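Q: Sequence lines, in order, name chains A and B.
Residue numbers for the first sequence follow my numbering, so the first one is 12 and each next one is one higher.
Residue numbers for the second sequence follow my numbering, so the first one is 12 and each next one is one higher.
There are 2 protein chains.
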Amino acid sequence: MTQLPAPRQTVAQIMNPSAVAFVGASEDLRKFGGRIFHNTVTGGFAGRIVPVNPKRQSLLGLPCVPLVSAATAPVDVAVIAVPRELVLDHMRDCAQAGVACCVLITAGFTETGPEGAALEQEIVASARAQGMRLIGPNCLGFINTHASLIMNSSPSMQETAHIPGGIGFISQSGALMATVYNRGVGDGARFSSAISVGNQADLELADFMEWMAQDEATRCITLYVEGFKDADRFVAAARRCREAGKPVLMVKSGRSEEGARVTMSHTASLAGSWRVLEAVCREAGVVPVDDIIGMMQAAEMISRHGKPSGDGICVVSGSGGAAAITTDRFDDVGLRLAQFSPATRTKLEEIYEPHQLGNPLDLGAMRDRSFLDAKDGGIAIAAADPDVAANLVMVTTAPQLTESTRALAAGGQDSGKPTLVVFTPGNASDGGRAAMREMGVLHYETTDEALRVLKCWLVPREAPAEAQRPQALPTGDPFAAFGPGWLAEHETKEVLARYGIRATRERPVGSAREAVMAAREIGWPVALKGFGPDIIHKSEEGAVALALPNETQLQTAWDLMARRLGRRLAGALVAEMARGEAEAILGIKHDPQFGPVVLVGLGGVLAEVLDDVVLIPAPVSPERVRALLPRLRLWPLLEGVRGGPALDVDALADAASRLSWLAVDAGARLAELDINPLFLRHKGDGVIAVDARARLD
Amino acid sequence: MTQLPAPRQTVAQIMNPSAVAFVGASEDLRKFGGRIFHNTVTGGFAGRIVPVNPKRQSLLGLPCVPLVSAATAPVDVAVIAVPRELVLDHMRDCAQAGVACCVLITAGFTETGPEGAALEQEIVASARAQGMRLIGPNCLGFINTHASLIMNSSPSMQETAHIPGGIGFISQSGALMATVYNRGVGDGARFSSAISVGNQADLELADFMEWMAQDEATRCITLYVEGFKDADRFVAAARRCREAGKPVLMVKSGRSEEGARVTMSHTASLAGSWRVLEAVCREAGVVPVDDIIGMMQAAEMISRHGKPSGDGICVVSGSGGAAAITTDRFDDVGLRLAQFSPATRTKLEEIYEPHQLGNPLDLGAMRDRSFLDAKDGGIAIAAADPDVAANLVMVTTAPQLTESTRALAAGGQDSGKPTLVVFTPGNASDGGRAAMREMGVLHYETTDEALRVLKCWLVPREAPAEAQRPQALPTGDPFAAFGPGWLAEHETKEVLARYGIRATRERPVGSAREAVMAAREIGWPVALKGFGPDIIHKSEEGAVALALPNETQLQTAWDLMARRLGRRLAGALVAEMARGEAEAILGIKHDPQFGPVVLVGLGGVLAEVLDDVVLIPAPVSPERVRALLPRLRLWPLLEGVRGGPALDVDALADAASRLSWLAVDAGARLAELDINPLFLRHKGDGVIAVDARARLD
């Protein structure tokens, strides 16, 4: 394989070109090539714009060239919007002309089947051979508002105000990108850039994330994702964004089984397991959002107001009813009303009746109820309270609505803390809406939207501590000695023991006599567990006998098992009867995209019934496992219900962490591993694996 | 006590008056009395309007009278908006003049404290003595759009289009009522009436619900409630609404603990237990809604489109991404995509590529992708499918957006099934918005709103079968023999047995000798459970010894218990050691507002940890309990996990139903009763109460 040439330009340079050419430019707005050219020209781009059309002398007043290579000066980026069969020739011409990146609007490639996929591979190879990058194919182009570069083929671009801002947007759907960009701008969101990545044949999601992590104008990064081209690069890019202090919000379609089906039929993306991705996002600092309009509203909040100082919210309402409903909704979604300090309360008591004073501030409970002298309803005092991170004003109909909304917003803003306004009335509050637009205050039409924005804004942004490999772990492939298929239980436990995870003492035996000798050594009572290559669900197949108290019963159990399983029984384990106070399950799954993931659950069969498990990408530190355990619904069982003694959760966290290193060392060969049950004992007594199984690919 | 005269008019007559008077009428729009008079005059009311103001000859061109009694013709309804100290005199004058109902706008009554409450009692007594009804005090009035009667004091009434419709709205908050009415009308909701009930001194929530149940114009009833004046009447009224085929939607503030605090400080309403109210609503057919704007959107859907034909939704989108996101959201909230029949698919295959055909319909997957000939995208074909109950169109930016939205909506509407449109773009879809307004199609700005509307619309409306009292239940007070305080375990079990709920066989004993004799009769092994008036948590206090296999161990257990508890030990039960496959809990709570409620949970301590219980108002039929059990998260445990045998859930349902009759018979005296655990056995083997306790007030 020959060495490929280095890319002619970086992504940063491509996003800020000096000259752009449009292959397929026209004045026909029914065509992609006509619209993207038109949008760029009218968008006010300060660089050179070169229409490429052999049939025309000029377009929109700009001189045409027949081919990019015929341009009189260098072109950085060439948009190609011509029939599929002409794409490759034009790309070759672009490469020859020194173009750094082609933006391929043309569709009909991988998304249409094998023939298109082959053609896509060909164009990628052709471009890479020349150090030329590609965006697309099957995309709508990109926007860089700070360069007034509106290089997008959507008709909605003509109706959108392109105001520079701090939101970077990368979208796997072109139509959605144009839709959400248009809606976002109308809602007050301000973008730095918006990129339709199409089929991501060359430049992909992670490339643009990495650029945005460095791009000074971008303060919050938003993604619409259907599937990942390179999961590892995505995770690495997300971490870089977090290091740069730029939150990443993501709408991922195909979260549900049905949604995955739709996504696949739409773009042939591999949807992957949402549960795993959710865990990956949590650890990498990516915030999943369920709604794409809501994502932009949250992004604007983050872009504008940065990091919250805490999580307490001050709510102000002109109606006690609205205040009460909002309080209920806070409880529903897990938001917290700020607690005013005594000093704040004392100041507010000059404005409010003491017995009606609290958070939410109910303007109807002011001493002077005329509203004429309401001024800011004390919001400036409340907002200055150290427990207040943001203010939420719920507007209801009232005399002087516009004036009072203006005063409330101004009071909130003066505190330097974000102020969000929700308009509950219809046209009766249009004056207030206009005032908020004029003042540049974030405002919403529904409570749903404001709650989603606050929830996203308040997601903690700290990176969990990196997992450190414990000393004295073995090196190399922990399963090197084993071939594909199921390991025997004792084999699995031996591997666990090497990683410091204690299992029940046990011995493999081949006869009743050996079993009795083993039991004498281990100590009565014992368990007898048959094994054999095709015995998977031991209990169900009658291959387990528990709590055998003496030789006679052990002998009887052996005979019964031997008769029942016949030649399938390769041998049996005689095992210590461990005692535990509670059961946990630990497991490893290997996700085809995101690699090894550790699974922690409680309560044996309950973990399954309640689907109550925490997934964590491997490796993970014990501290991080410990911090995540309270997310389990059954967590209170471990803390000691009704004053019972607490269980050894630190040992559980340590075992999960050790298992995560085992997962990393084993790699993709380890298809699955389960410890079920893992017995938890009282604090200080540790945990013990009672049963374990593993399967190698 | 003297007999009160009958009301002069029914609520129906009061809501449709021939003549209304305004005490405190003026032309000053800064005042309540000025605004409500002005709103009524400009609202176009066809009846007589009589301004009452001794200082003026006429107001807004209408001749004034100094007092209502000075009016030349009878007045049905008099609005009173004067200072508090003048209210009673004017009411007396109204009563003398034959007024049927006073609407008291004036505030300063119960909501301000004891003095105001006393005055409120006085005015109610004064009115009732004359057969005159009251609305308020502390309210904003009412609206009857079908009579063009806009008798509400909010300034927003001037900006609202008062278009007659099918939504009845009763609100405990005046400001919210005006707010939501204004917003609703702007959003396309059409009201029949809207009533601000204020302090509900006389006419209250249930009175207006009963009227709306009969009112021909009203098709859906909406409530904003902070607290109930008469819980029983509310439930009865809700049932009448259901019988009349009119769904009742309700936003209840104070659902959360914090919200209840806010509600109480706002109106001194007793918030009550939300969990109980939720159960009451479920059984009475009231649909709780979390958002008050959302409630009106759902009400308009119900008012306009009546009952759904099923629960399958057809989703149509111009963007595969939007289709996939919508599918995920369906899964989040529990909505179902319709499954097209083979016949429908065959027809759709003329329009769509077969491999990209499905629900959601992705317009981008049409054979002819030009959009110019997209027509209705096949929505008429899809909507005609028997599994489709409604259509949801997700609009994204596209060429010919207005035309395509119009075609999609028309295609959907032609099917006779409701069509909802969500606009995802901003101003780029303003043309589509205008088209939907013109066509009268329900449309929304966010997916949240459309999902909430569909969820509310799809709530089943069938009344559960009435509970029938089982034969052979005892009559009279089941606890007549007992005084206040805790019953002994065996006493509680005796009562349960009389209601047909089997408990473990057991015998109270006073000595170790008696214990041994009892155990011989019951059969070994036995349990020994100490009792005494102040022994409540038996296990924690060492008053329980289980599985005693023989006389020696029973004797030892007795001695230990006697030494530990001393004189607190009044005696002990020797009880059969019951075996069960799973544990349930059954309980009775007496709600101060809604009366006896039965509680069913699974899994012993887990029911508590997971807060996994179903509440059901008593009495309840076994069939209804059975139908509700699958709502328990731990329900799969009962169905037989991993192929284990199923448990006797019918017996559990029967026991819960019997317990509900016990609760009804016991009434408020029974403060609480718990059966914990109730053992479940295999199908056909029934259930058995192992421990039970009850407390009487």
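Each residue gets a CB set at the ideal place from its N, CA and C atoms; glycine is no exception.
Every value quoted in this text rests on a predicted model; they were computed, and no experiment measured them.
(1) Is there at least one Cβ from chain A nearer than 7 Å to G270 (chain B)'s Cβ?
(2) Chain A beta carbons: is any one of them nearer than 7 Å to that of I546 (chain B)?
(3) Quick one: residues in its chain with C-beta nearer than 8 Å to the C-beta of A249 (chain B), no 5 flanking neighbours on either side, listed in chain order?
(4) If we define contact as Cβ-Cβ less than 7 Å, is R266 (chain B) a contact residue for chain A?
(5) Does any residue of chain A bring its CB to less than 7 Å from the CB of G197 (chain B)?
(6) Please report the straight-line C-alpha distance between L15 (chain A) and C113 (chain A), rounded to a whole angstrom.
(7) Reducing DSSP to helix, strand and coil, say where T408 (chain B) ends up.
(8) Are the region 335-342 of chain A and the region 261-271 of chain B touching, with three or more C-beta to C-beta distances below 8 Å?
(9) With a cut-off of 8 Å on the beta carbons, I'd call A108 (chain B) and V86 (chain B) a contact; round off their distance for me.
(10) Does the region 504-511 of chain B touch the region 662-682 of chain B, meaning 3 or more C-beta pairs lie closer than 8 Å?
(11) Can you check whether the C-beta of L281 (chain B) is within less than 7 Å of a C-beta belonging to chain A?
(12) Rounded to the nearest angstrom, what separates A82 (chain B) and V90 (chain B) at their Cα positions?
(13) Can you tell me where the beta strand (DSSP E) with M162 (chain A) in it begins and where it stops?
(14) Report the residue from B:D696, B:G331, B:G577 and B:P299 whose alpha carbon sits nearest the alpha carbon of G553 (chain B).
(15) Got a sec? Which residues, its chain only, sit under 7 Å from W535 (chain A) by beta carbon, not counting five neighbours each side?
(16) For K263 (chain B), name the three-state secondary structure that DSSP assigns.
(17) Which residues mark the beginning and the end of the beta strand (DSSP E) in which T229 (chain B) is found?
(18) Since E460 (chain B) meets chain A, which of its residues come closer than 8 Å, beta carbon to beta carbon?
(19) Do you know how far the Cα of L372 (chain A) is from the Cα of A446 (chain A)?
(20) Return the chain-ordered list of same chain residues with a C-beta closer than 6 Å to the C-beta of G195 (chain B), the five sequence neighbours on each side being excluded.
(21) Compute the beta-carbon to beta-carbon distance between T413 (chain B) and G443 (chain B), rounded to the nearest angstrom, for a pair I have assumed lies under 8 Å.
(22) Report the option in B:E502, B:R516, B:P475 and B:L565 whose CA atom is closest to the CA atom of G543 (chain B).
(23) How would you write the range of the beta strand (DSSP E) that E361 (chain B) sits in, first residue to last?
(24) Apply the 10 Å Cβ neighbour rule to L469 (chain B) and answer buried if 16 or more other Cβ atoms are within range, or exposed otherwise.
(25) Excluding the 5 residues flanking C252 (chain B) on each side, which residues of the same chain have their C-beta closer than 8 Å to its C-beta?
(26) Any residues in the region 219-244 of chain A with a beta carbon nearer than 8 Å to a beta carbon of chain B? Which ones, in chain order?
(27) Are the beta-carbon atoms of N210 (chain B) and N149 (chain B) separated by less than 7 Å?
(28) Heavy atom of the ligand GDP less than 6 Å from the Cβ of V620 (chain A), yes or no?
(29) In terms of residue numbering, what span does the alpha helix (DSSP H) encompassing Y192 (chain A) cover?
(30) Go to S203 (chain A), then tell me how far its beta strand (DSSP E) extends in each direction, as first and last residue.
(31) Determine the direct distance from the alpha carbon of A242 (chain A) to that of L281 (chain A), and round the result to whole angstroms.
(32) Can you tell me where the alpha helix (DSSP H) with S671 (chain B) in it begins and where it stops?
(33) Do we get a CB-CB distance below 7 Å when we pair A400 (chain B) with the residues of chain A?
(34) Note down, one range per segment and in chain order, each alpha helix (DSSP H) of at least 4 residues found wholly within the region 415-485 of chain B.
(35) Checking contacts by CB at 7 Å: is E170 (chain A) closer than that to chain B?
(36) What first and last residue would you give for the beta strand (DSSP E) that runs through R531 (chain A)?
A: Judging by the given coordinates:
(1) Taking the second sequence and counting its residues from 1, the one referred to as residue 270 (chain B) is at position 259. Closer than 7 Å to some Cβ of chain A, the Cβ of G270 (chain B) qualifies, so yes.
(2) Start at 1 with the first residue of the second sequence, and residue 546 (chain B) comes out as number 535. No, I546 (chain B) lies away from the interface with chain A (no Cβ there is under 7 Å from its Cβ).
(3) Position 238 of the second sequence, counted from the start, is the residue given in the question as residue 249 (chain B). Scanning its chain for C-beta atoms nearer than 8 Å, with the 5 sequence neighbours on each side dropped, one finds around A249 (chain B) the residues M220, V259, C292, A295, G296 and V297, in chain order.
(4) For the purposes of this step, residue 266 (chain B) is taken as residue 255 along the second sequence, with counting starting at 1. Chain A contact via Cβ: present.
(5) For this step, residue 197 (chain B) is matched to residue 186 along the second sequence. Closer than 7 Å to some Cβ of chain A, the Cβ of G197 (chain B) qualifies, so yes.
(6) Your numbering for residue 15 (chain A) matches position 4 in the first sequence. Your numbering for residue 113 (chain A) matches position 102 in the first sequence. C-alpha separation (whole angstroms): 18 Å.
(7) Against the second sequence, residue 408 (chain B) aligns to sequence position 397. Residue state, collapsed to three classes: coil.
(8) The answer is yes - the region 261-271 of chain B touches the region 335-342 of chain A, with three or more Cβ pairs under 8 Å.
(9) As a working mapping, residue 108 (chain B) is identified with position 97 in the second sequence. As a working mapping, residue 86 (chain B) is identified with position 75 in the second sequence. Yes, A108 (chain B) and V86 (chain B) are in contact; Cβ-Cβ is about 6 Å, under 8 Å.
(10) The count of Cβ pairs closer than 8 Å, one atom from the region 662-682 of chain B and one from the region 504-511 of chain B, reaches three, so the stretches are in contact.
(11) Within the second sequence, numbered from 1, the residue matching residue 281 (chain B) stands at position 270. Unreliable positioning characterises L281 (chain B) in this predicted model, as indicated by a pLDDT of 42, which lies under 50. A coordinate reading is not provided.
(12) Here the question's residue 82 (chain B) lines up with position 71 in the second sequence. Here the question's residue 90 (chain B) lines up with position 79 in the second sequence. Straight-line Cα distance between these residues: approximately 14 Å.
(13) In the first sequence, counting from the first residue as 1, residue 162 (chain A) sits at position 151. First-last of the beta strand (DSSP E) with M162 (chain A): L160 to N163.
(14) Here residue 553 (chain B) refers to the residue found at position 542 when the second sequence is read from its first residue. Relative to the Cα of G553 (chain B), the nearest Cα in the group B:D696, B:G331, B:G577 and B:P299 belongs to B:G577.
(15) Within the first sequence, numbered from 1, the residue matching residue 535 (chain A) stands at position 524. Taken in chain order, the residues that qualify are P560 and N561.
(16) Sequence index remark: in the second sequence, residue 263 (chain B) carries index 252 (1-based). K263 (chain B) carries a strand assignment under DSSP once its states are collapsed to helix, strand and coil.
(17) On the second sequence, position 218 is the one that residue 229 (chain B) refers to. No beta strand (DSSP E) holds T229 (chain B); DSSP gives it neither H nor E.
(18) Your numbering for residue 460 (chain B) matches position 449 in the second sequence. What E460 (chain B) touches in chain A: T457 and D459.
(19) In the first sequence, residue 446 (chain A) corresponds to position 435, counting from 1. In the first sequence, residue 372 (chain A) corresponds to position 361, counting from 1. Cα to Cα, A446 (chain A) sits roughly 22 Å from L372 (chain A).
(20) Along the second sequence, read from residue 1 onward, the residue named residue 195 (chain B) stands at position 184. For G195 (chain B), the CB contacts under 6 Å within the same chain, skipping 5 residues up- and downstream, are M307 in chain order.
(21) Stepping through the second sequence from its first residue, residue 413 (chain B) is reached at position 402. Stepping through the second sequence from its first residue, residue 443 (chain B) is reached at position 432. In this structure T413 (chain B) touches G443 (chain B) by the C-beta definition: roughly 5 Å separates them, less than 8 Å.
(22) Here the question's residue 543 (chain B) lines up with position 532 in the second sequence. Of the listed residues, the one whose Cα sits closest to G543 (chain B) is B:E502.
(23) Taking the first residue of the second sequence as position 1, residue 361 (chain B) is located at position 350. E361 (chain B): not part of any beta strand (DSSP E); DSSP gives it neither H nor E.
(24) The residue labelled residue 469 (chain B) in the question sits at position 458 within the second sequence. That one is buried.
(25) Counting from 1 along the second sequence, the entry for residue 252 (chain B) is found at position 241. Leaving aside the five residues that flank C252 (chain B) on each side, the residues in its chain whose CB is nearer than 8 Å to its CB run, in chain order, M220, M223, A224, I232, P258, V259 and G296.
(26) Per Cβ criterion, the list reads Y235 and E237.
(27) As a first step, residue 210 (chain B) is located in the second sequence; it is residue number 199 there, counting from the start. As a first step, residue 149 (chain B) is located in the second sequence; it is residue number 138 there, counting from the start. For N210 (chain B) and N149 (chain B), yes; Cβs fall inside 7 Å.
(28) Judged by which ligands are present, the structure shown has none, so any question about the ligand GDP falls away.
(29) Here residue 192 (chain A) refers to the residue found at position 181 when the first sequence is read from its first residue. Element bounds for Y192 (chain A): G185 to D198.
(30) Position 192 of the first sequence, counted from the first residue, corresponds to residue 203 (chain A). Unbroken beta strand (DSSP E) run through S203 (chain A): F202 to S207.
(31) Against the first sequence, residue 281 (chain A) aligns to sequence position 270. Against the first sequence, residue 242 (chain A) aligns to sequence position 231. Any answer about L281 (chain A) is weak, because its pLDDT of 42 lies below 50 and its placement is not dependable; what the coordinates show is given next. Straight-line Cα distance between these residues: approximately 11 Å.
(32) Here residue 671 (chain B) refers to the residue found at position 660 when the second sequence is read from its first residue. Per DSSP, S671 (chain B) belongs to the alpha helix (DSSP H) from V660 to A677.
(33) One-based indexing of the second sequence puts residue 400 (chain B) at position 389. Between A400 (chain B) and chain A, the shortest Cβ-Cβ separation is not below 7 Å.
(34) The DSSP assignment places 441-450 and 458-468 as complete runs of the alpha helix (DSSP H) inside the region 415-485 of chain B, in order along the chain (cut-off: 4 residues).
(35) Position 159 of the first sequence, counting from 1, holds the residue named residue 170 (chain A). Chain B contact via Cβ: present.
(36) Against the first sequence, residue 531 (chain A) aligns to sequence position 520. Segment A523 to I533 is the alpha helix (DSSP H) holding R531 (chain A); no beta strand (DSSP E) there.
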